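Enquirer: Numbering (our numbering), first residue to last: 14 to 140.
Take this structure, written in structure tokens, and hold onto it; I'll ask about it next.
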């Protein structure tokens, strides 16, 4: 048996740009990718806290230290600059691995800088 588990999360990222005319994807600051172990071309789920949209795309590396969170192509229609989003990735693990797995969770501020790193989420997190 395999379980689909959360691998990484960028919590409360702010959309810095949406670019309808670019090839589809999400551009993410490379420092943020490194912090939660995400890779270019990795599939991610995006959850928009402002409008409830949920969709999937893949990652393009953004300029290191820029704080960039840019939705490109068709996904640009699902966000506005300034929207607060959650970026999630998942991994398939064996039942045994799943019981030992710890995700990488980064809590971001309004400038997309990491303010806290968590190995899991508290049961009643409020931000």
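Beta carbons are placed, not taken as given, at the ideal position from N, Cα and C, and that holds for glycine.
For clarity, every value in this text was computed on a predicted model and none was experimentally measured.
Grab me the residues of residue 107's own chain with a C-beta within less than 7 Å of its C-beta, minus the 5 sequence neighbours each way, in chain order.
Expert: The sequence position of residue 107 within the chain shown is 94, counting from 1. For residue 107, where only same-chain residues beyond five positions count, the Cβ hits under 7 Å are 15.
Enquirer: On the CB-based measure, 16 or more other CB atoms within 10 Å of its CB, does residue 57 come out buried or exposed?
Expert: Numbered from 1 along the chain shown, position 44 holds the residue referred to as residue 57. By the neighbour-count rule (16 or more Cβ atoms within 10 Å), residue 57 is buried.
Enquirer: Smallest Cα separation from residue 65: which of 71, 76, 93, 48?
Expert: The residue you call residue 65 lines up with position 52 of the chain shown. Of 71, 76, 93, 48, the residue nearest in Cα terms is 93.
Enquirer: Going by DSSP, what residue range makes up the beta strand (DSSP E) through residue 42?
Expert: Counting from one through the chain shown, the residue named residue 42 turns up at place 29. 38-42 is the extent of the beta strand (DSSP E) around residue 42.
Enquirer: In terms of DSSP beta bridges, what is residue 24 paired with?
Expert: Reading the chain shown from its first residue, position 11 is the one you call residue 24. Beta-bridge pairing links residue 24 to 120.
Enquirer: Taking 8 Å as the cut-off, does the segment 28-35 touch the segment 114-121 (at least 3 CB pairs, one atom from each stretch)?
Expert: Too few Cβ pairs lie closer than 8 Å, so no.
Enquirer: Spatial neighbours of residue 87 within its chain, please: C-beta separation below 7 Å, excluding the five flanking residues on both sides.
Expert: Start at 1 with the first residue of the chain shown, and residue 87 comes out as number 74. Taken in chain order, the residues that qualify are 37.
Enquirer: Run through the segment 70-126 for me and flag every whole beta strand (DSSP E) of 3 or more residues, listed as ranges in chain order.
Expert: Listed in chain order, the complete beta strand (DSSP E) runs (minimum 3 residues) inside the segment 70-126 are 82-85, 97-107, 117-121.
Enquirer: I'd like to check one pair, residue 82 with residue 125: are the Cβ atoms closer than 8 Å?
Expert: Here residue 125 refers to the residue found at position 112 of the chain shown. Here residue 82 refers to the residue found at position 69 of the chain shown. Yes. Within cutoff.
Enquirer: Name the two residues that bound the continuous beta strand (DSSP E) containing residue 62.
Expert: In the chain shown, residue 62 corresponds to position 49, counting from 1. Taken as a continuous stretch (DSSP letters only), residue 62 belongs to no beta strand (DSSP E), as it is neither H nor E.
Enquirer: Can you tell me whether residue 45 is helix, strand or coil according to DSSP?
Expert: Residue mapping note: residue 45 aligns to position 32 of the chain shown, counting from 1. Helix at residue 45.
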